[in-house]
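K.L.:
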Amino acid sequence: MDDPPASGTPSNRLLLLTVGIAVFMTSLDITIVNISLPTISLEFGVSTATISWVIMGYLLVMCSFLPAFGKLGDLKGYHRIFSTGYLVFVAGSFLCGISGSAAMLIGSRLLQGVGASMLSALTTAIVMIALPRAARGKGLGIVAMFASLGIALGPAIGGFITTYLTWHWIFFINVPVGIAGFFIALRTVPKNSLPGRQKFDYAGAVLIFFAILGILFVLNQGQALGWTSFPVVLSLLGAFVFAALFIRRERSIPYRVFNIGLFRVRDYALSNLATLMVMLVFSGALFLLPFYLEYVRGLPPDIAGLVLTIPSGAIFLAGPLFGALSDRIGPRIPSAASAVALALGFIAIARPGVTGDDALLYGGLVLIGLGVGGFIPSNSVQVMALAPEGEVGSVSSMLLTIRNLGSTLGVAVFEAVLAGVVLAGITGPFVADAIPPGLLLDAFRVAFLFGGFTSVLAFITVMATRKKRKFAA
Numbered sequence: 000m001d002d003p004p005a006s007g008t009p010s011n012r013l014l015l016l017t018v019g020i021a022v023f024m025t026s027l028d029i030t031i032v033n034i035s036l037p038t039i040s041l042e043f044g045v046s047t048a049t050i051s052w053v054i055m056g057y058l059l060v061m062c063s064f065l066p067a068f069g070k071l072g073d074l075k076g077y078h079r080i081f082s083t084g085y086l087v088f089v090a091g092s093f094l095c096g097i098s099g100s101a102a103m104l105i106g107s108r109l110l111q112g113v114g115a116s117m118l119s120a121l122t123t124a125i126v127m128i129a130l131p132r133a134a135r136g137k138g139l140g141i142v143a144m145f146a147s148l149g150i151a152l153g154p155a156i157g158g159f160i161t162t163y164l165t166w167h168w169i170f171f172i173n174v175p176v177g178i179a180g181f182f183i184a185l186r187t188v189p190k191n192s193l194p195g196r197q198k199f200d201y202a203g204a205v206l207i208f209f210a211i212l213g214i215l216f217v218l219n220q221g222q223a224l225g226w227t228s229f230p231v232v233l234s235l236l237g238a239f240v241f242a243a244l245f246i247r248r249e250r251s252i253p254y255r256v257f258n259i260g261l262f263r264v265r266d267y268a269l270s271n272l273a274t275l276m277v278m279l280v281f282s283g284a285l286f287l288l289p290f291y292l293e294y295v296r297g298l299p300p301d302i303a304g305l306v307l308t309i310p311s312g313a314i315f316l317a318g319p320l321f322g323a324l325s326d327r328i329g330p331r332i333p334s335a336a337s338a339v340a341l342a343l344g345f346i347a348i349a350r351p352g353v354t355g356d357d358a359l360l361y362g363g364l365v366l367i368g369l370g371v372g373g374f375i376p377s378n379s380v381q382v383m384a385l386a387p388e389g390e391v392g393s394v395s396s397m398l399l400t401i402r403n404l405g406s407t408l409g410v411a412v413f414e415a416v417l418a419g420v421v422l423a424g425i426t427g428p429f430v431a432d433a434i435p436p437g438l439l440l441d442a443f444r445v446a447f448l449f450g451g452f453t454s455v456l457a458f459i460t461v462m463a464t465r466k467k468r469k470f471a472a
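Numbering (numbering that gives the first Met the number 0), first residue to last: 0 to 472.
Given below as structure tokens:
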């Protein structure tokens, strides 16, 4: 097919805006609610465990529906699914805002998660089909920039709204922004070529939904409920059963939710493995850094929060730059260089002691942000270049699914590494305030060095891909 218009045209700038709004809102709503949970819990008179489903329900639904909506985009059109996603997200946000009970709020968040999944599943696919080959990496970098803004600004915006307005406005602010994004999407999102009368595999969609749901539940709740507890073990077994049934079904029918045969393509499998490793170490670092800054470095929460904006700021800067670089020289070298920056960043933050060496700490955080910000758009181009015709949406959604699985796995792995080192050096319970600072510092160092080692493995994985590849049209 012919190349789309240049990326600098007004229509493509508006398209990047509507895609950017979508990823900004869906990312923002992961972090904006956290700070208001104590207030919401108190107002509704429910436990922390109950109100935590406001966060977990949104994440589980958003991630588990991704493969289904990616395939629906291929079959029914990206324009249709993406635009509808805006309406569902806005409706869920409004219902969250007017919620008068915890049950209604959690249910509305599930609906909001469905809308977020419809939007998120197709963002990469839309950029790939709408922009010319020479501008796709830069476009994906701009999308990563919007996502980093959403994650970084969420706690600050949520705290401001909860303090000076009410928590209800955390959700109401999505309504006008989402409506604006919807009308821009109607005008700018292209209508991709659709296949003939092809069935949608509803049974396969259900199977992969429950497989992903089970895995995410185990990774999210394993530490809290106990890895050998009945709900965790049952969820893990269920996830394996559903995954096995899904793979068996997808091999036996022509109209698949996802072409699992793609994982037999060496470059595709390696690129997705690198994605899993990079997102694992980044999310694990983001999980541990607040504890490190407060318990080891002794920073107050407000200063620690400011320090944690450093990686997001670096992602904001690196995304478009590395994306444009991957357009010029191909995605392999920018992806590999990003993994190197990530590894150096982890080594740097593992060096400082209890006090001092702030330059190493801050420099390491910059390198981590540059590594992730450079890797996401470059790796996206690398993966999407291998998408077969008519399957761009399903490949896009699977890439995001793997990112989310990596992010969830990262929290569990880094927490386990930290706890393992600490428990090996104490005889009592794991209480952070009571652990000797030296032992706690050693535990964080081991976790960060593990992040560096995994980043090196990601570099090796990227370099094992072929140097040249055919870009998807």
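From the three backbone atoms N, C-alpha and C, an ideal C-beta is built for every residue, glycine too.
#1: Taking the runs of the alpha helix (DSSP H) that are 4 residues or longer, which of them lie wholly in the stretch 121–201?
#2: How many angstroms separate the CA atom of residue 526 from the CA atom of residue 50?
#3: Would you check if the distance between the CB atom of residue 120 and the CB atom of residue 69 is smaller than 8 Å?
#4: So is residue 100 buried or exposed if we call it buried at 16+ other beta carbons inside 10 Å?
#5: Return helix, strand or coil for residue 97, following the three-state DSSP convention.
#6: Can at least three beta-carbon pairs, one atom from the stretch 375–382 and one from the stretch 262–281, be found at a separation below 8 Å?
#7: Under three-state DSSP, which class holds residue 34?
#8: Can you tell me which of 400, 112, 71 puts its alpha carbon nearest to the alpha carbon of residue 57?
#9: Tell me which residues share the same chain as residue 349 and place their Cβ nearer than 6 Å to its Cβ, disregarding the 5 neighbours each side in the sequence.
#10: Taking residue 460 as the reference, give the member of 158, 269, 16 with the closest Cα.
#11: Is the stretch 249–269 in contact with the stretch 80–92, if contact means three or more CB pairs nearer than 8 Å?
#12: Along the alpha helix (DSSP H) that carries residue 232, what are the first and last residues, could you check?
#13: Assuming residue 138 and residue 322 form a contact by the criterion Cβ under 8 Å, report the distance between their Cβ atoms to the nearest whole angstrom.
#14: Does the stretch 233–242 come within contact of the stretch 213–220, defined as at least 3 CB pairs closer than 8 Å?
#15: Figure out for me which residue from 402, 396, 206 has the closest Cα to the Cα of residue 122.
#16: Kindly indicate which residue of 40, 158, 26 has the alpha-carbon position closest to the one of residue 116.
#17: Can you check which of these residues, 454, 16, 142, is closest to residue 405 by C-alpha distance?
#18: Tell me whether the stretch 171–184 and the stretch 319–339 touch, counting them as touching only if at least three CB pairs, one residue from each stretch, are closer than 8 Å.
#19: So residue 451 and residue 309 are supposed to be a Cβ contact under 8 Å. How far apart are they, rounded?
#20: Rounded to whole angstroms, what is the Cα-Cα separation between residue 98 and residue 182?
#21: Jot down the residue ranges of each uninterrupted beta strand (DSSP E) in the stretch 363–395, minimum 3 residues, whole runs only, in chain order.
#22: Using CA coordinates, which residue listed in 362, 31, 209 is at the minimum distance from residue 168?
#23: For the 8 Å Cβ check, are there 3 or more pairs between the stretch 305–320 and the stretch 366–380?
#24: Under the rule that 16 or more other beta-carbon atoms within 10 Å means buried, what is residue 150, buried or exposed?
#25: Per DSSP, what kind of secondary structure is residue 271 in: helix, strand or coil?
P.N.:
With the given structure in hand:
#1: Counting only runs of 4+ residues, the alpha helix (DSSP H) found wholly inside the stretch 121–201 occupies 135–163, 167–171, 173–187, in chain order.
#2: No answer is possible for residue 526: it lies beyond the span of the chain, which begins at 0 and ends at 472.
#3: Position 121 of the sequence shown holds residue 120. Position 70 of the sequence shown holds residue 69. Yes, they are a contact pair.
#4: Here residue 100 corresponds to residue number 101 of the sequence shown, with the count starting at 1. Counting Cβ neighbours within 10 Å, residue 100 comes out exposed, since fewer than 16 surround it.
#5: Locating residue 97 in the sequence shown gives position 98, where the first residue counts as 1. Of the three classes helix, strand and coil, the one that applies to residue 97 here is coil, per DSSP.
#6: Between the stretch 375–382 and the stretch 262–281 there are three or more inter-stretch CB-CB distances shorter than 8 Å, so the stretches are counted as touching.
#7: If you number the sequence shown from 1, residue 34 lands on position 35. It is helical.
#8: Here the question's residue 57 lines up with position 58 in the sequence shown. That would be 112, whose Cα lies nearest to the Cα of residue 57.
#9: Walking along the sequence shown from the start, residue 349 turns up at place 350. Answer for residue 349: 444, 447, 448, listed in chain order.
#10: Residue mapping note: residue 460 aligns to position 461 of the sequence shown, counting from 1. Taking only the C-alpha atoms, the option nearest residue 460 is 269.
#11: The stretch 249–269 makes no contact with the stretch 80–92: fewer than 3 CB pairs, one atom from each, lie closer than 8 Å.
#12: Taking the first residue of the sequence shown as 1, we reach residue 232 at position 233. Per DSSP, residue 232 belongs to the alpha helix (DSSP H) from 229–251.
#13: The count along the sequence shown starts at 1 and reaches residue 138 at position 139. The count along the sequence shown starts at 1 and reaches residue 322 at position 323. Contact annotation, residue 138 with residue 322: C-beta distance approximately 7 Å; criterion of less than 8 Å satisfied.
#14: The stretch 233–242, when compared against the stretch 213–220, does touch it at the 8 Å Cβ threshold.
#15: For this step, residue 122 is matched to residue 123 along the sequence shown. Answer by Cα proximity: 396.
#16: Here residue 116 is taken as the residue at index 117 of the sequence shown, counted from 1. Considering only alpha carbons, the answer is 26.
#17: On the sequence shown, position 406 is the one that residue 405 refers to. Cα-wise, what sits closest to residue 405 is 454.
#18: By the Cβ test, the stretch 171–184 is not in contact with the stretch 319–339, since fewer than three Cβ pairs between them sit closer than 8 Å.
#19: Translated into the one-based positions of the sequence shown, residue 451 becomes position 452. Translated into the one-based positions of the sequence shown, residue 309 becomes position 310. The beta-carbon separation of residue 451 and residue 309, rounded to 18 Å, does not stay under the 8 Å limit for a contact.
#20: Walking along the sequence shown from the start, residue 98 turns up at place 99. Walking along the sequence shown from the start, residue 182 turns up at place 183. The straight-line gap from Cα to Cα measures roughly 26 Å.
#21: Secondary structure within the stretch 363–395: not one fully enclosed beta strand (DSSP E) run of 3 or more consecutive residues is present.
#22: As a working note, residue 168 is residue 169 in the sequence shown. Measuring from the Cα of residue 168, the nearest candidate turns out to be 31.
#23: The stretch 305–320, when compared against the stretch 366–380, does touch it at the 8 Å Cβ threshold.
#24: If you number the sequence shown from 1, residue 150 lands on position 151. Buried, because 16 or more other Cβ atoms sit within 10 Å of the Cβ of residue 150.
#25: Counting from 1 along the sequence shown, the entry for residue 271 is found at position 272. Under the three-state reduction of DSSP, residue 271 is assigned to helix.
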